[in-house]
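>
Chains as they are written, first to last, in the working numbering: chain A, 33 to 336; chain B, 33 to 336; chain C, 33 to 336; chain D, 33 to 336.
What follows is the structure, given as C-alpha cells:
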C-alpha cells in the first residue's frame with residue numbers, strides 16, 4: 033500500500049541525515065542508550081502494518097506513559113477526574129509550579145508532570161498494587177503480554193527526582209494528593225520506566241485512533257467521547273512548550289518522551305510511533321519530528 | 033442534505049433553552065445588542081449552504097478579526113512573522129503581561145491581544161492606509177463587498193482600552209512595536225469593530241476549510257501549509273483559557289469574539305459560524321458552544 | 033528608670049484591650065496554648081532589666097530561631113554564605129517559590145522559609161550533631177543553659193510540612209541543598225520548636241543590640257560588621273509581608289514567630305521581647321505589635 | 033569638627049579610585065554628563081555644613097524626587113494615601129508589573145515607578161498647576177528659590193518612557209489612576225527632571241533628619257510620625273533590588289537616582305548627599321555607595 037512506501041522512503045532519508053540533537057544526561061540509565069537507534073512503526077486501521085529500523089526494540093517510554101495513565105485514571109474516576117486536574121495548555125514550562133500556586137494546587141492538564149502525579153495519586157487510591165495494575169492495563173489494551181518496567185531506570189529517575197518531589201509535596205499542601213508522597217512518586221517513576229517498542233506503542237495507543245476500541249484486541253477500552261477528549265488533550269498539551277510547533281508541522285495529536293519516542297494518532301486512520309534518542313532543546317526527538325512531519329505532509333493526513 | 037437537517041434541529045432546540053450567559057458590559061456599544069439574537073450558518077465545501085435564525089444580520093466580530101489579520105500579516109511578512117510572535121498557547125490570561133516580561137516582549141501567539149497588536153504593527157508598517165486595506169482584504173477573500181467597520185464601536189472600545197494601551201507600550205519598550213502606539217491601537221480597535229453576519233463569516237473563513245483557496249471566489253488566499261498553520265494556531269489558542277474545553281467539546285479549530293460570534297473550520301469539509309450574544313464566564317458564547325458541540329457530535333466531524 | 037515605668041503602663045493598658053487576632057490552627061501543638069498569655073521583657077544595655085506578665089514562661093519561638101540560625105551559619109560559613117542566599121526583601125509571600133524558579137534556587141533572604149532551609153543545610157554540613165549543636169549555641173550566647181526543644185512541637189510541624197518539603201526539594205533540584213532533605217527538614221523543624229521565655233529571648237538576642245558582644249556573657253558572638261548585617265536583614269525581611277508596616281510603626285529591626293513571640297533590637301540601647309499568641313492576618317502577634325509601637329513612640333527610640 | 037575631616041579624607045580617597053560603573057544610555061540627555069564628576073555634601077543638625085568636589089553643581093535628581101513627591105502627596109492626601117499605594121518592598125524589579133496584576137493595580141510602595149505614578153496622579157488631582165506647585169514645594173522646604181526643572185531632560189525621558197506609559201495605563205485599567213494618563217506622565221517626567229546640587233539636596237531632605245522640621249527654614253514640613261514613615265519607606269524600598277545591600281553597607285534610609293545622586297538621612301544627626309554618575313548594574317552610583325559606606329562605618333552612624 034502507498035502508506036508503507038512513503039514511510040520507508042522518509043525513514044531512509046531521515047536516517048541518513050545529521051542529527052543536531054542531544055541525548056539527555058539527567059537520567060543516568062537513559063544516557064547509555066545508543067544514540068544512533070532509529071525505529072518507525074505504522075498501524076493503519078485498514079491495511080497492513082509496516083515497520084522500519086529498530087521498530088521492534090524496546091526503549092523507555094517515559095512521559096508517553098502519562099497518556100496511558102490518563103486512560104486508566106479516566107476510566108476509574110470518570111468525570112470527577114476534572115475536579116483535580118484541568119484540560120488547558122500550561123504555557124511555558126516554568127509555569128507548572130507558579131500556576132499550582134495561583135490555581136490552588138490544581139495542575140493545568142494531566143500531561144505536565146504535576147498533572148501526571150495527580151493521575152498517579154488516583155491510581156494509588158483506586159488500585160491494590162498500582163504498579164502491577166498499570167502494567168496489566170497496558171498489556172491488556174495492547175495485547176502484548178510481556179511489556180514490562182525497567183527497575184534500573186525507575187531507580188535512576190527516583191534518585192534525581194527532586195523537582196517532582198517538590199511538585200507532589202506542594203500539591204499535598206493544597207490537599208490535592210491523598211496518599212503518602214512516596215507511594216505516588218514510586219508509581220510515577222515506575223510508569224515512566226515502562227519499556228515498549230514502536231510496534232508495541234502503536235498497539236497500546238491504537239484505541240485512540242479507533243474511537244476507543246483497541247484494534248489489537250477488539251475490546252472497547254474507553255467510550256468514543258472520552259477517546260476524543262484524550263486526543264484533544266494530547267493535541268493541546270502533549271508537547272510541552274512545542275505543542276504549537278508540533279500541531280503545525282505534524283498536525284496530529286501525539287505525545288513525546290525524553291527516551292526519544294513519539295506516538296501520534298490520526299483519528300479514524302492510523303497510529304504511528306517513532307524512536308530516535310537525540311532530542312531538540314525542547315526535549316522532543318529531532319528525527320522523530322522530521323519523520324512525522326514528512327509523513328503527514330506527503331500523505332496529507334494532518335487533521336488541519 | 034443531512035447536514036442541514038441536523039443543524040436546523042439543533043438550532044431549534046438550543047434556541048428554546050435558557051441561557052445562563054451574560055452580555056459583557058465593558059464595551060458600551062456592544063451591551064446594547066438584543067441578547068436574544070441567534071444565528072447559525074453552515075457552508076460545506078460540497079453541497080448547499082444553509083442558515084438559521086439571524087444568520088444574515090451583522091454583529092461585531094471582535095477577536096474573530098484577529099485570525100483574518102493573521103492571514104493578511106502572514107501573507108505580507110512571511111515566515112519572518114514568527115520572529116515577532118510565537119505559536120504556543122499562553123496558559124492563563126494573566127500571563128499575557130507576565131510572559132511578555134519574561135520573554136522579552138514577544139507574545140506567545142497571534143490570537144492573544146498582545147499578539148494581535150503585533151499583527152497590527154506589521155500591517156501599519158506594510159500598508160498605506162491599513163484600516164482600509166484590511167477591509168479590502170476581508171471583502172476580497174469573502175466576496176462580500178459591503179463588509180464594513182462600525183466606527184461607533186471602534187470609538188467605544190478605544191475609550192476603555194487602557195490594558196491594550198499598556199500591552200502595546202510594554203512591547204514598544206522591548207522594541208517589538210515599530211510604529212507609533214496610536215496608529216497600532218487605531219488599527220486594532222478598527223478591526224475588532226468590523227461587522228459581519230454568520231453567512232459572511234463562513235465566506236471569509238472558507239479558505240481555511242479549503243486548504244487556502246477561497247470557496248467564495250476560487251482564488252488562492254494563502255498556501256496549503258500556511259492554511260494548516262493558521263488552523264493549528266486556532267485550535268491551540270483560539271479560545272483563551274477554554275481552548276482545551278472547546279477542543280474536547282467541539283473538536284474543530286475555531287475562534288470566538290466577545291460580540292457573541294464563533295467561527296469554526298472542519299478542514300476539507302465545511303466552515304460554520306454561530307452568533308448568540310450571551311457569554312460564559314470565560315468570554316465565549318454559551319449557545320454558540322452548545323450548537324457547535326451538538327453539531328460535531330451528531331455529524332461525527334470532530335477532528336479528534 | 034523611665035523605661036520600666038513606660039513599659040509597665042503600656043503592658044497594663046494593652047493587656048486590657050480586646051484582641052481581634054487568632055491563634056493559628058495549622059500546627060496542632062501550638063493551637064493548645066492559652067491565647068490570653070501576655071509577656072514583655074526589656075533588657076537595656078545600661079540599666080536594669082524589667083519584665084511584665086508571663087515574661088518567664090517559655091513558648092515556641094518558631095521563626096524567631098531563624099535569626100539565631102543565621103548568626104551561627106554566618107559564623108561558620110563566613111561571606112561565602114551570600115553565594116547561597118540573598119539579602120533582599122522577597123515581596124509577597126507567594127514569591128518564595130516563584131522567585132526560587134527565576135533565581136536558580138537562591139532564596140531572596142535567610143529569613144523566609146527557603147532561606148532558613150539553606151541555613152539548616154549549612155549547619156548540617158558543618159556540625160556533627162546539628163540539633164544539639166544549635167541548642168548549645170543558643171545556650172552559650174544567652175547564658176541560659178536549660179533552653180531546650182519541644183519534640184512534640186517539632187513532630188507536630190513535620191507532619192504538616194509539605195510546603196517546606198516542596199521548597200527544600202526544589203532547591204535541591206537546583207543544587208543549593210547539599211545534604212539529604214530529611215536531615216535538613218529535621219533540623220529545621222527542631223529549631224523552630226525551641227522554647228524560650230521573653231527574658232531568655234532578650235538574653236539570646238542581646239549581642240545584636242551590643243555590636244556583636246553578648247551582654248549576658250561578655251563574649252563576642254560575632255563581629256560588629258556582621259551584627260549590623262543581621263540587624264539590617266531583620267529590618268528588611270523579618271516580618272514577611274508586613275516589614276514596611278513594622279518598620280513604620282515600631283521602627284526597630286525585629287523578628288516574629290507564629291508562636292506569638294516578637295523580639296526587637298535597638299542598636300546600642302536595648303533588646304525587647306513580647307509574647308501574645310493571637311496573630312493578625314499577616315501572622316504577627318497583635319498585642320506584641322501594639323506594645324512595641326507604643327514603647328518606641330513614647331521613648332522615641334525608633335531608629336527612623 | 034570630626035565629621036568634616038573624615039568626609040574629606042574619604043572623598044579624596046574615593047575620587048582617586050577606578051570606577052567600574054557605567055553612565056546609563058537610555059536617557060539621551062543624561063548620557064552627556066561628564067562621568068568624572070564627584071560631589072559630596074554633609075549637613076549635620078548640630079555643627080557646620082561641609083562639602084567637597086562638585087557639591088554645588090546641579091544634576092538631574094531623577095528618582096530621588098519621588099521622595100519629595102511622597103512628602104507632598106502624603107501632606108495633601110493624609111492616611112488615605114495608603115489605600116492607593118502600599119508600604120512594602122517589591123522584591124525583584126520585574127515584579128512591579130506582575131504584582132500590579134495580582135494586587136489589583138495597587139503598587140507595592142511609593143518609590144517604585146508604579147507607586148510614584150500614583151503619587152503624580154494625586155498631585156494632578158489636588159493641585160492647579162502640578163509641575164509648578166511641586167517645584168514651589170521643593171523650593172520652600174529647601175529654602176533654595178531657584179531650583180528648577182530641565183525641560184530638555186523631561187522631554188528626553190518622555191520620548192523613551194514606554195514602560196512607564198504601560199504602567200500608568202495598566203493602573204488606569206484597574207481604576208487606580210483618576211486623571212488622563214498624559215497629565216500624570218507629564219508631571220512624572222517633569223519631577224524626575226528637577227536639577228539640584230548635593231548641597232540643595234541636603235537642604236531639601238533635611239526635614240527627614242530633623243523629625244519633620246526643615247533645618248533650612250525652621251518650618252515644620254510634616255509631622256514626626258509621617259517623617260518616620262517616609263524614612264522607613266526609604267530604608268526598605270529606596271534602592272530597588274539593592275535595598276538589603278545598602279541597608280547593610282551604609283545603614284541609613286536613603287534614595288538613589290539614575291542621574292548618579294544619592295541622598296541619605298541619619299535621623300537626629302545629619303543629611304548627606306553624593307553625586308557620581310557611573311552606576312553599578314543595579315542602577316546605583318558606585319562611588320556614592322563607597323563614600324557613604326566608608327562614612328557611616330568610620331563615624332559609626334549606621335542605624336543598625
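All C-beta atoms in this analysis are idealised placements derived from N, C-alpha and C, irrespective of residue type, glycine included.
Which first and last residues belong to the beta strand (DSSP E) in which residue 302 of chain D is found?
The residue given as residue 302 of chain D occupies position 270 in the fourth chain. It spans 302-307 - the beta strand (DSSP E) in which residue 302 of chain D sits, taken as one unbroken run.
> With a threshold of 16 other CB atoms inside 10 Å of the CB of residue 49 of chain A, please say whether the residue is buried or exposed.
Start at 1 with the first residue of the first chain, and residue 49 of chain A comes out as number 17. Classification of residue 49 of chain A: exposed, given that the 10 Å Cβ count is below 16.
> According to a CB-to-CB cut-off of less than 7 Å, which residues of the stretch 184-207 of chain D neighbour chain B?
Within the stretch 184-207 of chain D, the qualifying residues are 194, 195, 197, 198, 201, 202, 204, 205.
> Which word fits residue 112 of chain D, buried or exposed, when buried means at least 16 other C-beta atoms lie within 10 angstroms of its C-beta?
Locating residue 112 of chain D in the fourth chain gives position 80, where the first residue counts as 1. By the neighbour-count rule (16 or more Cβ atoms within 10 Å), residue 112 of chain D is not buried but exposed.
> Hey, would you say residue 227 of chain D sits closer than 9 Å to residue 180 of chain D, going by beta carbons?
For the purposes of this step, residue 227 of chain D is taken as the residue at position 195 of the fourth chain. For the purposes of this step, residue 180 of chain D is taken as the residue at position 148 of the fourth chain. Their beta carbons are under 9 Å apart, which means residue 227 of chain D touches residue 180 of chain D by this criterion.
> Near residue 47 of chain C, what residues of its chain come up, given a Cβ to Cβ distance below 6 Å and the 5 sequence neighbours on each side ignored?
In the third chain, the residue the question calls residue 47 of chain C occupies position 15. Closer than 6 Å at Cβ, skipping near neighbours: 70.
> Suppose only complete runs of 3+ residues qualify. What are the beta strand (DSSP E) ranges in the stretch 41-103 of chain D, listed by chain order?
Complete beta strand (DSSP E) runs here, min 3: 71-76, 82-85.
> The beta strand (DSSP E) with residue 288 of chain B in it runs from where to where?
Locating residue 288 of chain B in the second chain gives position 256, where the first residue counts as 1. 286-288 is the span of the beta strand (DSSP E), which, as asked, contains residue 288 of chain B.
> Figure out for me which residue from A:318, A:242, A:309, A:207 has the closest Cα to the Cα of residue 93 of chain A.
Walking along the first chain from the start, residue 93 of chain A turns up at place 61. With distances taken between Cα atoms, residue 93 of chain A lies closest to A:309.
> Return helix, strand or coil for residue 180 of chain A, following the three-state DSSP convention.
If you number the first chain from 1, residue 180 of chain A lands on position 148. In the structure shown, residue 180 of chain A sits in a strand (DSSP, three-state: E or B).
> On the DSSP bridge assignment, give the partners of residue 259 of chain B in chain order.
Numbered from its first residue, the second chain carries residue 259 of chain B at position 227. Per DSSP, none; premise fails for residue 259 of chain B.
> Which residues of the stretch 257-279 of chain B have a Cβ closer than 7 Å to any Cβ of chain F? Give them in chain order.
Included in the structure are the protein chains A, B, C and D, with no chain F among them.
> At the level of alpha carbons, what is the spacing between residue 326 of chain A and residue 95 of chain A?
In the first chain, residue 326 of chain A corresponds to position 294, counting from 1. In the first chain, residue 95 of chain A corresponds to position 63, counting from 1. Distance between the alpha carbons of residue 326 of chain A and residue 95 of chain A: 24 Å.
> For residue 317 of chain C, which beta-bridge partners are listed by DSSP?
The sequence position of residue 317 of chain C within the third chain is 285, counting from 1. DSSP, once it has assigned bridges, lists C:311 as partnering residue 317 of chain C.
> Under 9 Å, CB to CB, which of the residues in the stretch 108-139 of chain C have a partner in chain A?
Under the 9 Å Cβ criterion, the stretch 108-139 of chain C contributes 126, 129, 130, 132, 133, 134.
> Along chain C, in chain order, which residues have C-beta atoms closer than 9 Å to that of residue 334 of chain D?
Counting from one through the fourth chain, the residue named residue 334 of chain D turns up at place 302. What residue 334 of chain D touches in chain C: 260, 263, 264, 299.
> Which of helix, strand or coil does DSSP assign to residue 33 of chain B?
By one-based count along the second chain, residue 33 of chain B stands at place 1. Because residue 33 of chain B sits at a pLDDT of 49, beneath the cut-off of 50, its placement in the model cannot be relied upon, and the point is left open.
> What is the rounded straight-line gap between the Cα of residue 220 of chain C and the Cα of residue 275 of chain D?
One-based indexing of the third chain puts residue 220 of chain C at position 188. One-based indexing of the fourth chain puts residue 275 of chain D at position 243. About 27 Å.
> When you compare the CB of residue 283 of chain C with every CB in chain D, is at least one pair closer than 9 Å?
Mapped onto the third chain, residue 283 of chain C falls at position 251. It does; some Cβ of chain D falls within 9 Å.
> Any Cβ of chain A within less than 9 Å of the Cβ of residue 145 of chain B?
Against the second chain, residue 145 of chain B aligns to sequence position 113. No, residue 145 of chain B lies away from the interface with chain A (no Cβ there is under 9 Å from its Cβ).
> Do residue 106 of chain C and residue 252 of chain C have their C-beta atoms within less than 9 Å of each other?
Walking along the third chain from the start, residue 106 of chain C turns up at place 74. Walking along the third chain from the start, residue 252 of chain C turns up at place 220. No, these two residues do not count as a Cβ contact at 9 Å.
> May I have the straight-line CA-CA distance separating residue 35 of chain D from residue 329 of chain D, to the nearest angstrom?
Sequence index remark: in the fourth chain, residue 35 of chain D carries index 3 (1-based). Sequence index remark: in the fourth chain, residue 329 of chain D carries index 297 (1-based). So the alpha carbons of these two residues sit roughly 12 Å apart.
> Confirm the yes/no value for this check: CB of residue 71 of chain B, any heavy atom of the ligand HEM, distance under 8 Å.
Although the ligand HEM was asked about, the structure shown includes no ligands whatsoever.
> Count the other C-beta atoms from every protein chain shown that fall within 10 angstroms of the C-beta of residue 317 of chain C, then say buried if there are 16 or more, exposed otherwise.
Locating residue 317 of chain C in the third chain gives position 285, counting from the first residue. By the neighbour-count rule (16 or more Cβ atoms within 10 Å), residue 317 of chain C is buried.
> For residue 123 of chain A and residue 273 of chain A, what's the separation of their Cα atoms in angstroms?
Your numbering for residue 123 of chain A matches position 91 in the first chain. Your numbering for residue 273 of chain A matches position 241 in the first chain. About 7 Å.
> List, from N- to C-terminal side, the alpha helix (DSSP H) runs of 4 residues or more that fit wholly inside the stretch 100-178 of chain A.
Correct list: 127-134, 145-158, 162-174.
> Starting from the beta carbon of residue 141 of chain A, find every residue of chain B whose beta carbon is closer than 8 Å, and list them in chain order.
Here residue 141 of chain A refers to the residue found at position 109 when the first chain is read from its first residue. Within 8 Å Cβ-Cβ: 276.
> Can you look up residue 192 of chain A in the DSSP assignment and give me helix, strand or coil?
Position 160 of the first chain, counting from 1, holds the residue named residue 192 of chain A. The answer is coil: DSSP assigns residue 192 of chain A none of H, G, I, E or B.
> Residue 120 of chain C: buried (16+ other C-beta within 10 angstroms of its C-beta) or exposed?
As a first step, residue 120 of chain C is located in the third chain; it is residue number 88 there, counting from the start. By the 10 Å Cβ count, residue 120 of chain C comes out buried.
> Residue 65 of chain B and residue 85 of chain B: beta carbons closer than 9 Å?
By 1-based counting over the second chain, the position of residue 65 of chain B is 33. By 1-based counting over the second chain, the position of residue 85 of chain B is 53. No, the pair does not count as a contact, with Cβ atoms beyond the cut-off.
> Any idea if residue 161 of chain D is buried or exposed, counting beta-carbon neighbours within 10 angstroms, 16 or more meaning buried?
Along the fourth chain, one-based indexing puts residue 161 of chain D at 129. With fewer than 16 Cβ atoms within 10 Å of its Cβ, residue 161 of chain D is classed as exposed.
> Can you tell me whether residue 212 of chain A is buried or exposed? The criterion is at least 16 other CB atoms within 10 Å of its CB, across all chains shown.
Counting from 1 along the first chain, the entry for residue 212 of chain A is found at position 180. Residue 212 of chain A should be labelled exposed.
> Straight-line CA distance for residue 33 of chain C to residue 249 of chain D?
Counting from one through the third chain, the residue named residue 33 of chain C turns up at place 1. Counting from one through the fourth chain, the residue named residue 249 of chain D turns up at place 217. At residue 33 of chain C, the pLDDT of 49 sits below 50, so the modelled position is not reliable; the number obtained from the coordinates is stated separately. Whole-angstrom Cα-Cα distance: 37 Å.
> Should residue 290 of chain B be flagged as near chain D, meaning a C-beta pair shorter than 9 Å?
As a working note, residue 290 of chain B is residue 258 in the second chain. So, not an interface residue.
> Could you have a look at residue 332 of chain B and say whether DSSP puts it in helix, strand or coil?
Translated into the one-based positions of the second chain, residue 332 of chain B becomes position 300. In the structure shown, residue 332 of chain B sits in coil (DSSP, three-state: anything other than H, G, I, E or B).
> Rounded to whole angstroms, what is the Cα-Cα separation between residue 137 of chain B and residue 216 of chain B?
Residue mapping note: residue 137 of chain B aligns to position 105 of the second chain, counting from 1. Residue mapping note: residue 216 of chain B aligns to position 184 of the second chain, counting from 1. Going by the C-alpha atoms only, they are around 16 Å apart.
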